[in-house]
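Before any comments, here is the structure.
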Amino acid sequence: MVSALKNRNELPLRLLEKSLESRVLVKLKDGSEYIGILERSDISMNLILSNAKQIGENNELVANYGRILIRGSNILYISLAPEDALM
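Heads up: the sequence shown is residues 392 to 478, going by this note's numbering.
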């Protein structure tokens, strides 16, 4: 039982690892959204994105940051970025 729970808890980290070098969309708890290339992630789900852009409603560019660090505790969700997303 403990082994099954451990494997279940590791699944999000393994999915992040498989998504390295992929375009991701990250939504934060404050409602802001960022799109970029996932360079790194750690056990706390802290992320480093390259070519990162903050996007607003209707997919418009709010800011272009280049490379950013997003603290895992601020993340609401992470998904693969749709093809038509701003890049």
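Glycine included, each C-beta is placed from N, C-alpha and C at the ideal position.
Quick one: what does DSSP say residue i is sitting in, helix, strand or coil?
i       : result
Val-393 : Its pLDDT being 46, under 50, Val-393 is placed unreliably in this model, and the value from its coordinates should be taken loosely. Three-state result, Val-393: helix.
Leu-406 : helix
Ser-413 : coil
Glu-474 : coil
Who are the Cβ neighbours of residue i in its own chain at under 6 angstroms, not counting the five residues just before and after it?
i       : result
Leu-396 : Confidence is the limiting factor: at Leu-396 the pLDDT is only 45, short of 50, which leaves the residue's position unreliable and the question unanswerable from this model.
Met-392 : Low confidence applies to Met-392: its pLDDT is 46, below 50, so where it sits in the model is not reliable enough to give any reading.
Is the Cβ-Cβ distance between residue i and residue j less than 8 angstroms?
i       : j       : result
Asp-463 : Asn-437 : In the sequence as displayed, the identity of residue 463 is Gly instead of Asp. Yes, these two residues count as a Cβ contact at 8 angstroms.
Gln-445 : Ser-413 : no
Leu-481 : Ile-434 : As displayed, the chain neither begins before 392 nor continues past 478, which places residue 481 out of reach and without an answer.
Val-415 : Ala-472 : yes
Met-452 : Ser-432 : Per the sequence shown, the amino acid found at residue 452 is Leu instead of Met. Result no, Cβ atoms of Leu-452 and Ser-432 do not sit closer than 8 angstroms.
Can you list, in chain order, the residues of its chain whose CB lies under 8 angstroms from that of residue i, leaving out five sequence neighbours each side?
i       : result
Leu-419 : Tyr-425, Ile-461, Asn-465, Ile-466, Leu-467
Name the DSSP beta bridge partners of residue i, please?
i       : result
Lys-418 : Glu-424, Tyr-468
**OP:** Please go through the segment 431-471 and give each complete beta strand (DSSP E) segment of 3 or more residues, from N-terminal end onward.
**Re:** 438-446, 452-461, 466-471
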